[in-house]
Amino acid sequence: MPVQFTTRGVGGSTSVTPGCDCYAHVFGAIPAGCREPRYDSDMSDAEWAVLRAAMPVPAWLEGRGGRPEAHCHRAMVDAVRYLVDNGEKWRNLPADYPCWRAVYDFFRRWRCHGYIRELCQRLRRRLRERQGRATEPSAGVIDSQSVDGSETCPAASRGYDGGKSRDGRKRHILTDTEGLLLEVAVTPANIHDSKAAPSLLAAFMDEPGRLLELVWLDSAYQGRELADAFAAHGVRAEVVKRTDGGKEFKVLARRWVVERTLGWLSRSRRLNRDHERRSDHHVQMVWWASSITLTRKTARERLHWPEFRPHRLPAPGPERGRTARPAPSSASPSPPAHRRGDASSPPRSTGPRPVRARS
């Protein structure tokens, strides 16, 4: 069970231009000012305001030991988001972020304490409450996705999925009816879906306050062992099957929600192929990818391309010295001057073309 972190209010979130209001800037020893948002994965001010309210309080601020952090929390979160969204290596982080070793230590601390998972749970509850729903869902959907593993993925934690022809790992996810991530587990790709679903459900239901009663599954999740595991938690499993018997793609009720979530996760290039040496690091990457979607949804900002950023110039227009293009006329355009026969235009030569001498 992850550690339940606490938060402390220090006022509303401010813009990043004059300074930052993260714990490291307010209570730490970092000088004023911070980096400007530069990449599409960087948080906007609205996203940071959402995330800032749920950030964990550092141990040194609560008197539990440690020293004040030397890097901005917003820059740290943006660095991990950049790595997950663009699929970069740790050592290849851009120079305007903190040192990659500091970012990796930040990522590892959040993994050890379960901060990113708890952060996603808080954002999910807030988003559901804003939508007029109960904070805890009563129904969910389970599905899996197999991805190939790179040479850094060890053989002990990978397998071959014969149905998908994938040699790597398989991630199993549980979502609510809106497609928001509830739980995730990573296994070798050769583990059958029905074998991994009980542990996935147990990891979610073992926490207090869960109200899950119904889970929709596909035809792969069958068997007596799975039914007994679901019944032990008081959850009813309902398999959604196709009735036409076809093999082409077809959107099925309830199941399309979790398929859409898998599509959201696939937008993060770090998840398109498994490069992690540890399975729990793969789980953390899934939670970080989910946090990108949750912060944007909660902040009601759906980033579209192109989007104005502080480092980009605004689109050219009349205020920048360019005049608007005149509206097209319904009359036919006049021919060029040399075709109208104007006296001012030079006459066209009708004689033979000159022949170039060969050298």
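In UniProt numbering, the protein residues as written are 1 to 359. Where is the CB? At the ideal position from N, CA and C, for every residue including glycine.
Annotated three-state conformation of Q222 is coil, per DSSP. If you check the CB distance, E183 and I173 come in under 9 Å. The C-alpha of G263 is placed about 17 Å away from the C-alpha of L217. At the C-beta level, T177 and R254 come within 9 Å of one another. Under DSSP, T175 forms a beta bridge with V141, L181. Residue pairing for S146: DSSP places it in a beta bridge opposite K170. Non-local beta-carbon contacts of N272 in its own chain, meaning distances under 8 Å to residues more than five positions away in sequence, involve G87, V147, S266 in chain order. According to DSSP, P188 shares a beta bridge with R169.
Boundaries of the alpha helix (DSSP H) around V257: 255-266. Rounded to whole angstroms, R166 and P154 show a C-alpha spacing of 15 Å. The C-beta of G149 has 16 or more other C-beta atoms within 10 Å across all chains shown, which makes the residue buried. Cβ atoms of C112 and R74 stay farther apart than 8 Å, at about 21 Å. Between C120 and W256 a beta carbon distance of about 22 Å is seen, past the 8 Å cut, so the two are scored as non-contacting. In the DSSP annotation of this structure, the continuous segment of the alpha helix (DSSP H) that includes E129 starts and ends at 115-130. Ranked by Cα distance from S199, the first of L252, W48, L212, L226 is L226.
The beta-bridge partner set that DSSP reports for W287 is empty. By the Cβ rule, the region 78-85 does not count as touching the region 49-63, because fewer than three pairs are nearer than 8 Å.
By the Cβ criterion, the region 127-145 is in contact with the region 206-215, since at least three pairs of Cβ atoms, one from each stretch, lie closer than 8 Å. Y104 and R242 have their C-alpha atoms roughly 45 Å apart.
Here the C-alpha atom of S194 lies approximately 19 Å from the C-alpha atom of L181.
The beta carbons of E69 and A24 sit about 4 Å from each other, so the pair counts as a contact at 8 Å.
One Cα belongs to E151, the other to R278, and the distance between them is close to 13 Å. Around the beta carbon of R122, 16 or more other beta carbons sit within 10 angstroms, so the residue counts as buried. With fewer than 16 other Cβ atoms from the protein chains shown falling within 10 Å of its own Cβ, W90 counts as exposed. Of the residues I30, R67, F230, V283, the one whose Cα lies closest to the Cα of R270 is V283. K170 is a Cβ neighbour of A189, given a cutoff of 9 Å.
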